[in-house]
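Protein chains in written order, with my numbering: chain A, 19 to 196; chain B, -11 to 397; chain C, 1269 to 1467.
See structure below.
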Amino acid sequence: MGTEALLERLHAQYAPVTADGDSAEAPVGAVRSRGVSHGVLVLELDREALLDTVRALRDQHGFDLFLDVTAVDWPDAPLRFEVVWHFYSTADKVRVRLKTRVAADDAEVDSLTSLYGSAGYMERECHDMYGIRFRGNDDLRPILLYEGFRGHPLRKDYPKQKEQPLVPYRPPQSALVR
Amino acid sequence: MSADLVTSAIPSPIRTTLTPSREDTVVVNIGPSHPATHGTVQIVAELDGEKVLRTDVHCGYLHRGFEKECEDHTWHNLIPYVDRLNYCSALINNFAYCEGVEKLMGIEITPRTKYLRTLLAEYSRVADHLTCVAAQLMELGAMTAFLYLVTVRDHMYEHLAAITGARVTYSYGRIGGLAYDVPPGWFARLEEILVEYEDYVARVHALVDRNRIFIDRMRDVGVLSTADALHWGFTGPVLRSTGVPRDLRRDTPYLAYAELDFEVPVGIKGDNYDRYYVRMREMDESVYMMRQLVDLMPEGPINVDDHRCVFPEKQLVYTEIESLINHFKLVMEGPVVPAGDVYVAHEGANGELGFYMVSNGSGTPHKVHVRSPSFVHMGGIHRMLDGYQLADIVTSFGSVNMIGGECDR
Amino acid sequence: MYGKRLPILDMGPGLAGATGVGSLPLGGGAGSASLARPGQSKAASFEFLTTRKDELVGWARKFSLFPYPFVTACCAMEFMAVSASHYDTDRFGAALPRFSPRQADLLMVVGTVTQKQAPILLKVYEQMCEPKWVMAFGVCASTGGFYQNYASLPGIDRIIPVDIYVPGCPPRPEMVIDGIMRLQEKIAASPHPIINERF
């Protein structure tokens, strides 16, 4: 199984489902679109299809390394957050990107902690920064931020310089010098 | 300032889920201001005497808001920020970031830049591994090895300052090329430093490789299997120490790596000793690659001739109106990058360093996300700490080379 | 320049935090630029003795600094460089790091301190005993550097008093050594109120 063979199989298996539900090849999950972006195969899914697709990628296609989960905030779009996952197959050296869209008031996707251990910390970070909830990950404590921090800083509506200090500030040093 | 302790009134920044599971166990806190945890990681450990039963690793004490800063600065202005991610090997971050933007813009760098970036990336990798091994050995008590390796590293820093202008955080990569070309005499001095490197590293090998104490402390400590490593997302020297030769420079070659002859060192057992040795061998391979690159280095310009991202010559900026406008737009608005997203991954000193960049078609990024190897390793490091002794936390943690800037971003 | 005795400035009693010296009335211990000749008057000879004592204590304190390297970020690379053989801090007596704040007297805050790390910094500072000095190593510790956002503390002097600021991103080792030398001058010139006229 080489790089090209795996890419062909993925292209064939994850054909996008067209508007009337038909497609040329057998549809697997609700894949909305498929493309290649700078050498990475990109699949856009519905969030319900996520866990099955990832399980198939890991078990059937050999994507043994879960690289990353992050989110992108499009404040003007109806479905505000775009959650992005990256996977890598160490044997075939192929990368895959999965994307899904969620609304701001319903920002919940399935957690991949049952499939990959590394998902734990990365989902915690995504939750910290964007407020995306991961169903199935019961440890969503703040990891980069601290207890008591309110808000999700990487959202576009969080002002960059809004500090929430834990230690109250003392008067500036220059006020103490004669 | 009041005499009462103010800190008793300040809430703890973390919440740990670790409580003693038995009557005779104790939960201790290590860090975050701790020499062995490199100052920014807190490990809450449940101990049964000297044995570690469970750990709860807390990072984030160096979260400096890099990704939020990215949304506020132009693509050019972020280059100093990316430097400070993995600050031990800052040039690798520079070049990975610049390559991401270049991919989005559809720019291909010149041959000289390609080879020079490869050379400097390997140079940075050597500096990073030197720092990691020096710190690890110092934490074990081998102060001599630290002093030897930091001496070599200091010469490397001065040498890099001759080409980039700075010792530690260089800001040398540019979108479309590099900041400056190589000054005269630089390659000759490089060869001198590499010879000196070989001398000092040979001394360190002689001191520790077959040292009884070193082997007792590092062999069979922090053992990781390949399946475990992949499940928990380990890449880089940690993954290679388990026995699989996975290296992005060999698997998905970028820059000039396809034209170089090098080996990918792997370990046997996945323990701390293997990780130390993999790093030492990787440094040797990097030095070998650098010598090849010096021979292969082509002549030519270092910046592409693309006005969308490369600043025009100062001479022209002061005399021609088009260059003046070009310069003005590049400074005020930043290089206009077409909308889209890209994920570019380089083999950093710690593993797969990935940049996921989203552009909305302006001179400021919509989002830049760093896939940092150190952060993922912190999620999996409990596999190397649980079940071993308290003192082994020092060696295992040092062997993972957690860099705070990269871990917490 | 090094070793020159600086004129002792008359610092008022309200500066308890600035130099880490307790707020005692600065009487005979303040010293003055001119020495009283022995045998002149009791107050003058007391002043002579306490000035000599101040110089001795200042000399001892400045050459036996025990740093607590509160290391967080990139400045750590330059801290390692300045502690190693090429730019040796051992020449200045400041080589032996003490990783327990109880045993240290110079808190070197090396690197960015974030809002999450601030309580830890304050705790470490409070655990140190008097006399103690604080060096802000690097711009992130001095003013926050170029991280002006929700996560980063805009300078450690927001939470603890600082004696010497060493800017740089990261500062060259020579700059750090200059900072240590200036701090040593400051230490030598500080009053050391162990003995004063009433005690």
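We treat Cβ as the ideally placed atom computed from N, Cα and C, and that holds for glycine.
Among the options, which has the Cα closest to the Cα of residue i?
i	options	result
Cys1437 of chain C	C:Phe1405, C:Gly1447, C:Arg1450, C:Tyr1418	C:Phe1405
Ile2 of chain B	B:Asn260, B:Tyr160, B:Val32, B:Val232	B:Val32
Val1402 of chain C	C:Leu1364, C:Gln1416, C:Lys1321, C:Pro1369	C:Pro1369
Arg1440 of chain C	C:Val1350, C:Pro1422, C:Ile1427	C:Val1350
Leu125 of chain B	B:Val138, B:Val114, B:Arg113	B:Val138
Val1378 of chain C	C:Lys1454, C:Phe1360, C:Val1407, C:Leu1451	C:Val1407
Asp1373 of chain C	C:Leu1364, C:Thr1319, C:Tyr1355	C:Leu1364
Pro177 of chain A	A:Pro183, A:Leu184, A:Gly169	A:Gly169
Asp294 of chain B	B:His143, B:Thr98, B:Asn338, B:Ala337	B:Thr98
Val6 of chain B	B:Val40, B:Ile(-2), B:Pro(-1)	The sequence shown places Leu at residue 6 of chain B, not Val. The residue with the shortest Cα to Cα distance from Leu6 of chain B is B:Val40.
Ala244 of chain B	B:Val15, B:Thr106, B:Tyr158	B:Thr106
Val121 of chain B	B:Trp174, B:Asn81, B:Glu55, B:Val196	B:Val196
Arg27 of chain A	A:His79, A:Arg73, A:His104	A:His79
Lys355 of chain B	A:Tyr187, A:Asp146, A:Trp92	A:Trp92
Arg188 of chain A	C:Ile1424, C:Arg1450, C:Asp1356	C:Ile1424
Tyr164 of chain A	B:Val330, B:Gln30, B:His357	B:Gln30
Gln1452 of chain C	C:Ser1313, C:Glu1315, C:Pro1337, C:Phe1360	C:Phe1360
Short of 7 Å in beta carbon distance, which residues of its chain neighbour residue i, apart from the five on each side in sequence? Order them along the chain.
i	result
Tyr276 of chain B	Phe250
Phe299 of chain B	His315, Leu318
Thr214 of chain B	Thr230, Gly231, Val232
Glu90 of chain B	Ile97, Ile163, Gly164
Val1339 of chain C	Phe1347, Val1378, Gly1379
Ala149 of chain B	Arg155
Val209 of chain B	Asp259, Asn260, Tyr376, Asp380, Thr383, Ser384
Leaving aside the five residues before and after residue i along the sequence, list all residues of the same chain whose C-beta is less than 6 Å from its C-beta, in chain order.
i	result
Tyr106 of chain A	Leu83, Leu85, Arg113
Thr62 of chain B	Gly322, Gly351, Thr352
Pro1435 of chain C	Val1407, Ser1410
Val15 of chain B	Leu6, Pro8, Glu34
Pro1335 of chain C	Ala1362, Pro1365, Leu1374, Met1376
Gly339 of chain B	Thr223, Gly224, Pro361
Asp116 of chain B	Cys76, Ser77, Ala337
Arg113 of chain B	Ser77, Ser274, Ala337
Asp44 of chain B	Thr4, Leu6, Val32
Using DSSP's beta-bridge definition, name the partner residues of residue i.
i	result
Ser132 of chain A	Ser132 of chain A pairs with nothing; no bridge assigned.
Glu116 of chain A	Rather than Glu, the amino acid found at residue 116 of chain A in this sequence is Leu. Leu116 of chain A pairs with A:Leu61, A:Trp103.
Thr88 of chain A	A:Val102
Gly386 of chain B	According to DSSP, which records beta bridges pairwise, Gly386 of chain B is partnered with nothing at all.
Gln377 of chain B	B:Lys39
Arg170 of chain A	For the record, residue 170 of chain A in the displayed sequence is His; it is not Arg. None; His170 of chain A has no bridge partner.
Leu83 of chain A	A:Tyr106
Val358 of chain B	B:Phe343
Arg162 of chain B	B:Gly165
Arg52 of chain A	A:Leu61
Leu1375 of chain C	C:Tyr1336, C:Val1402
Ile1432 of chain C	C:Met1403
Arg153 of chain A	A:Asp128
Which same chain residues, not among the five before or five after residue i, have their C-beta less than 8 Å away from its C-beta?
i	result
Leu25 of chain A	Leu59, Val112
Ser129 of chain A	Ala137, Glu141, Phe152, Arg153, Gly154, Asn155
Gly1326 of chain C	Ile1455, Ala1456, Ala1457, Ser1458, His1460
His56 of chain A	none
Tyr69 of chain B	Phe54, Glu57, Cys58, His61
Against chain D, does residue i count as a neighbour if the rule is that its beta carbon must be under 8 Å from one of theirs?
i	result
Lys180 of chain A	Absent from the structure is chain D; the protein chains it does hold are A, B and C.
Residues within the stretch 341 to 355 of chain B neighbouring chain A, beta-carbon criterion of under 8 Å: Gly342, Tyr344, Val346, His354, Lys355
Contiguous beta strand (DSSP E) assignments of at least 3 residues, all confined to the stretch 253 to 312 of chain B: none
Just by C-beta distance, which residues in the stretch 1361 to 1395 of chain C are closer than 7 Å to chain A? Gln1383, Lys1384, Ala1386, Pro1387, Leu1390
Which ranges would you report for the alpha helix (DSSP H) in the stretch 115 to 158 of chain B if only whole runs of at least 4 residues count? 131 to 152, all fully within the stretch 115 to 158 of chain B.
Closer than 8 Å, Cβ to Cβ, to anything on chain B: give me those residues from the stretch 134 to 145 of chain A, in chain order. Tyr134, Gly135, Ser136, Gly138, Tyr139, Met140, Glu143
Secondary structure, beta strand (DSSP E): runs of 3+ residues fully inside the stretch 308 to 352 of chain B: Those beta strand (DSSP E) runs which fall completely within the stretch 308 to 352 of chain B and span 3+ residues are 328 to 335, 340 to 347.
Output the residue ranges of the beta strand (DSSP E) runs that lie fully inside the stretch 1333 to 1373 of chain C and measure 3 residues or longer, sorted by chain position. DSSP assignment within the stretch 1333 to 1373 of chain C yields the following whole beta strand (DSSP E) runs of 3 residues or more, N-terminal first: 1335 to 1339.
Beta carbons nearer than 9 Å to chain B: which residues of the stretch 1341 to 1359 of chain C have them? Ala1341, Cys1342, Cys1343, Ala1344, Met1345, Glu1346, Met1348, Ala1349, Ser1351, Ala1352, Ser1353, His1354, Tyr1355
Scan the stretch 1377 to 1426 of chain C and note each continuous alpha helix (DSSP H) run of 4 residues or more that stays entirely inside, going in chain order. 1386 to 1395, 1407 to 1410
Got a sec: which bits of the stretch 54 to 82 of chain A sit with their beta carbon under 9 Å from any beta carbon on chain B, in order along the chain? Ser55, His56, Gly57, Val58, Val60, Asp82
For a minimum of 4 consecutive residues, which ranges assigned as the alpha helix (DSSP H) are wholly contained in the stretch 9 to 66 of chain B? Taking only runs of at least 4 residues, the alpha helix (DSSP H) segments lying wholly in the stretch 9 to 66 of chain B are 54 to 58.
Any C-beta of chain B within less than 8 Å: which residues of the stretch 149 to 167 of chain A qualify? Listed by position, the residues of the stretch 149 to 167 of chain A near chain B (Cβ gap below 8 Å) are Asp157, Arg159, Pro160, Ile161, Leu162, Leu163, Tyr164, Glu165, Gly166.
Using a Cβ-Cβ cutoff of 9 Å, what residues of the stretch 40 to 59 of chain B are near chain C? List them in chain order. Gly48, Tyr49, Leu50, His51, Arg52, Gly53, Phe54, Lys56, Glu57
Report the residues of the stretch 214 to 238 of chain B with a CB closer than 9 Å to any CB of chain A, ordered along the chain. Ala215, Asp216, Leu218, His219, Trp220, Gly221, Phe222, Thr223, Leu227, Val232, Arg234, Leu236
Mind checking the stretch 90 to 123 of chain A against chain B and listing, in chain order, the residues whose C-beta falls within less than 8 Å of any C-beta there? Those residues of the stretch 90 to 123 of chain A that come within reach of chain B (Cβ to Cβ, closer than 8 Å) are Val90, Asp91, Val102, His104, Tyr106, Thr108, Lys111, Arg113, Arg115.
With 9 Å as the limit, tell me which residues of the stretch 1410 to 1430 of chain C have their beta carbon closer than that to any beta carbon of chain A; keep them in chain order. So the list reads Gln1416, Asn1417, Tyr1418, Ala1419, Ser1420, Leu1421, Pro1422, Gly1423, Asp1425, Arg1426, Ile1427, Ile1428, Pro1429, Val1430, given in the order they occur along the chain.
Listed in chain order, which residues of the stretch 1321 to 1338 of chain C have Cβ atoms closer than 7 Å to some Cβ of chain B? Phe1338
What residue ranges within the stretch 167 to 243 of chain B form continuous alpha helix (DSSP H) runs of no fewer than 4 residues, ordered along the chain? With a minimum length of 4 residues, the continuous alpha helix (DSSP H) runs that stay inside the stretch 167 to 243 of chain B are 174 to 196, 200 to 206, 214 to 219, 225 to 229, 236 to 239.
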